[in-house]
Amino acid sequence: MPTSIAFLAIAEAQQLYHWLPTALELARRDDVRISVLSPSERILDLIRSRDPQGLLDPVRLRRPPGPDTLFRQPSRLATLLLNYRTLTRFPVLVTTEITTAWLSRVPGFPSRTILIKHGAGDREGGYKQRHRYFDLTLVGGIKDRRRMIERGLGTEQNIVVAGYPKFELDTEPQRFFPDDRPVLLYNPHFDAELSSWIRHGPAILAALEALDGWNVIVAPHIKLARQVPPITSQAPHVRVDMGSHHSIDMSYTTSADVYLGDVSSQIYEFVVRPRPCIFLNLDRRAWQGDPAFAHWRLGQVIEDLADLPRALARAADLQPGFIDAQETAMRDSIDQSPIPASRRQADLILDFARANG
-10 MPTSIAFLAI
0 AEAQQLYHWL
10 PTALELARRD
20 DVRISVLSPS
30 ERILDLIRSR
40 DPQGLLDPVR
50 LRRPPGPDTL
60 FRQPSRLATL
70 LLNYRTLTRF
80 PVLVTTEITT
90 AWLSRVPGFP
100 SRTILIKHGA
110 GDREGGYKQR
120 HRYFDLTLVG
130 GIKDRRRMIE
140 RGLGTEQNIV
150 VAGYPKFELD
160 TEPQRFFPDD
170 RPVLLYNPHF
180 DAELSSWIRH
190 GPAILAALEA
200 LDGWNVIVAP
210 HIKLARQVPP
220 ITSQAPHVRV
230 DMGSHHSIDM
240 SYTTSADVYL
250 GDVSSQIYEF
260 VVRPRPCIFL
270 NLDRRAWQGD
280 PAFAHWRLGQ
290 VIEDLADLPR
300 ALARAADLQP
310 GFIDAQETAM
320 RDSIDQSPIP
330 ASRRQADLIL
340 DFARANG
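Residue 112 in my numbering sits at position 123 of the sequence shown; the count goes up by one each step and never skips.
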């Protein structure tokens, strides 16, 4: 009988590429059956588009009331409750979201759960008590493993470094503008306490629209795009993306020349190839020494939007001084073994499934 493993696709599309390469790698192996469980036909269609050989077995879950778009899905907890009996048919469930931790707290729940921790950021919000209810957690790098163990969210035995399969998308740089001016990517986070956009959005947009000699991509975290009024701009050099394939498949982090942001983990998808970064400290936080802002050591930090043009003008000249810090931070945040992360994760998941089947 083949080893049965199910991947839960109950989150929005931005989490998809953190697990899909691993699911496809597992599905290519002998005596393994990989099911993908989702209440969304839109999400399943996107998965099918990345699985032309039909290696994965899509299972449409019962759907609670709520929207069905790539970036709006119904309550994850309601989805789990509505499909509880279906979920118990699978001995191992793999997910990238932490609502699924609820299942492990239900007396008698028979399945084992594996978390692939998505993202590689630094903010404290990436570490929740729910993390400790998973049987196995796969993290991108030693930073997450160290921090989770320090916070009592797992042990040296059940938190394992396994790389970042999203890097296997092989997204090529793209041209998003008709000219060759350098491209600035502004990528604000959704965290209301830390996001540069929540309190300063109109001023930031005005500063970006006033830039001379630059093209600008404004691509907020998709959760921010759901929380705030749509960002719009008539400036011909400004492209705003409130949620598309480009905003989740590394198209922008691959194609931009300079990164502008606050606390998004996408910074590590940008500096995998070292390039200039600028961070907005418009609330003048005392950030030095705070691990939640560790990535602010990877570029210039400005406290006034009036300083943005000068920071951009200096970015290329200052970048050599940041390369060592960027490369060190990448080694700590995301392990880039020559063995693909999807293969490493697949090995770990399959060994776990066979040992606990």
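For each residue, glycine too, the CB sits at the ideal point set by N, CA and C.
Query: Beta-carbon separation (whole angstroms), S236 vs A275, contact threshold 8 Å; Result: With 8 Å as the limit, S236 and A275 do not qualify as a contact, their Cβ atoms being about 31 Å apart.
Query: Nearest residue (CA-CA) to L197, options R262, R299, T88, G115; Result: R299
Query: As assigned by DSSP and simplified to three states, the class of D19; Result: coil
Query: Same chain, Cβ closer than 7 Å to P219, neighbours up to 5 away in sequence not counted; Result: M231
Query: Secondary structure of G250, DSSP reduced to three states; Result: strand
Query: Delimiting residues of the alpha helix (DSSP H) encompassing I256; Result: 256 to 259
Query: Alpha-carbon to alpha-carbon, R286 and E258; Result: 16 Å
Query: Sufficient close CB pairs (3 or more, under 8 Å) joining the stretch 246 to 261 to the stretch 164 to 181; Result: yes
Query: Contacts around M137, its chain only, beta-carbon distance under 6 Å, and the 5 residues preceding and following it disregarded; Result: G143, I148
Query: Residues sharing a beta bridge with Y175, DSSP; Result: V207, L249
Query: R356 and G55 closer than 9 Å at C-beta; Result: No information on residue 356 is available, as it lies outside the stretch -10 to 346 that the chain covers here.
Query: Helix, strand or coil at R61 [DSSP, three-state]; Result: strand
Query: Inside the stretch 89 to 165 only - alpha helix (DSSP H) runs reaching at least 4 residues; Result: 90 to 93, 131 to 139
Query: Where the alpha helix (DSSP H) through L297 begins and ends; Result: 297 to 307
Query: Sufficient close CB pairs (3 or more, under 8 Å) joining the stretch 123 to 139 to the stretch 320 to 334; Result: yes
Query: G97 to E145 span [Cα, whole Å]; Result: 26 Å
Query: Beta-ladder partner(s) of T(-8), from DSSP; Result: V21
Query: Integer-rounded CB distance, given that R112 should sit under 8 Å from D180; Result: 6 Å
Query: When F311, A283, A151, V81 are compared against A344, the one with the closest alpha-carbon; Result: V81
Query: Cβ neighbours of R22 in the same chain (closer than 6 Å, five flanking residues each side left out); Result: P(-9), S(-7)
Query: For E157, the nearest candidate out of D336, S326, L339 (CA to CA); Result: S326
Query: Inter-residue spacing [alpha-carbon to alpha-carbon] between R164 and S222; Result: 19 Å
Query: Q277 - DSSP class collapsed to helix/strand/coil; Result: coil
Query: Span of the alpha helix (DSSP H), counted from its first residue to its last, around F268; Result: Not the alpha helix (DSSP H): F268 falls in the beta strand (DSSP E), residues 266 to 269.
Query: Per-residue DSSP class, three states only, for P49; Result: For the record, residue 49 in the displayed sequence is Arg; it is not Pro. If DSSP states are grouped into helix, strand and coil, R49 belongs with the strands.
Query: R333 versus A305 - alpha carbon distance; Result: 36 Å
Query: Nearest candidate by alpha-carbon position, reference K212, set Q289, A2, F(-4); Result: A2
Query: Whole-number beta carbon distance between E316 and P263, since they are thought to touch under 8 Å; Result: 6 Å
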